[in-house]
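Residue numbers (this note's numbering): 615 to 756. Glycine included, every Cβ here is placed at the ideal spot set by N, Cα and C. Owing to the predicted nature of the structure, the values given are computational and were not obtained by experimental measurement. Before any comments, here is the structure.
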Amino acid sequence: MYKQKTKETDSNVIEFIENVDNPKKREDAYELLDVFTKTTGYEAKMWGPSIIGFGTYHYKYESGHEGDAPLVGFSPRKAKISLYFSPEDKKRGELLQIFGKHTSGKACVYINKVADIDKDVLKQLINESVKFLRDMYPDNEL
């Protein structure tokens, strides 16, 4: 049976950010912390050892796989900053076209620094992802 690896922890978000080696990436992490907190209204929580998540929802797939995940989040990784939005949200693609310098994978959007992106579009991406996930998984937010 599948065991979910990334779970909410009691680790301290500020302590985690303070341990980010690169000073510019640490500064960007604080800026993202502020934007995500103000935009979502949720307190930041650590998910696993390196993801800062906001809000929570419970998902269950037809396959029977289920678990909990943050509605949105980010992680200041060594190479790039990973941003987590719902990959299934149809508006994500439109917004990424005007987001600024980034790359994206299936689940993550990667940026080098906050100065490369449009923060207003970031706020829209956050809001759209939260709305999409609340609509997709109604009445199960933890």
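Per the coordinates, the alpha-carbon of L736 lies some 28 Å from the alpha-carbon of Y675. Secondary structure of D703 (DSSP, three-state): coil.
One thing to note: F713 has its Cβ no nearer than 8 Å to the Cβ of S743. Under the 10 Å beta carbon count, T654 is surrounded by 16 or more other beta carbons and is classified as buried. Boundaries cannot be given for V728, as no alpha helix (DSSP H) includes it and DSSP labels it neither H nor E. Between the segment 655–662 and the segment 700–707, the count of Cβ pairs shorter than 8 Å is below three; the stretches do not touch.
Scanning its chain for C-beta atoms nearer than 8 Å, with the 5 sequence neighbours on each side dropped, one finds around N726 the residues K694, I695 and K715, in chain order. Short of 7 Å from the beta carbon of D642, and not among the five residues preceding or following it, lie these beta carbons of its own chain, in chain order: P690, I695, K727 and V728. Partner residues in a beta bridge of S625, as assigned by DSSP, do not exist.
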